[in-house]
Amino acid sequence: MKKKKLDSKEIGLEVGLLIGRYFLQSDDLHYGYWEPDVPVDLLHCAEAQKAYSDLLLK
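This is the structure:
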């Protein structure tokens with residue numbers, strides 16, 4: 001049986017997603033859209049990610 005080669009990019013994305021889910025309670029892997037009244041910090045990252053997803057889906 002042939003071993004499947006692991007793709008480091010795919011592994012990195014999976015790790016990033018797991019970290020985002022755990023620390024940010026978010027399933028998004030982008031920086032987000034920061035509204036002018038939202039502070040640019042880690043605490044508001046999930047809010048900015050949701051704002052960007054909402055903007056894309058309009």
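For the record, in the sequence shown the residue sitting at position 19 is 19 according to the working numbering, with numbers rising by one throughout. In this text, a Cβ means the ideal position worked out from N, Cα and C, and glycines have one as well.
Measure the alpha-carbon distance for V15 versus Y22 and round it to whole angstroms. The alpha-carbon separation between V15 and Y22 amounts to approximately 11 Å.
Would you say A46 and Q25 are within 8 Å of each other, going by their C-beta atoms? Taking 8 Å as the Cβ cut-off, A46 and Q25 qualify as a contacting pair.
By how many angstroms is the C-alpha of Y33 removed from the C-alpha of G12? Distance from the CA of G12 to the CA of Y33, rounded to the nearest whole angstrom, comes to 23 Å.
Just the C-alpha distance for K5 and D54, rounded to the nearest angstrom, thanks. Going from the Cα of K5 to the Cα of D54 covers about 36 Å.
If we ignore side chains and look at the alpha-carbon of each, how far apart do V38 and K2 end up? Distance between V38 and K2, taken at the CA atoms: about 51 Å.
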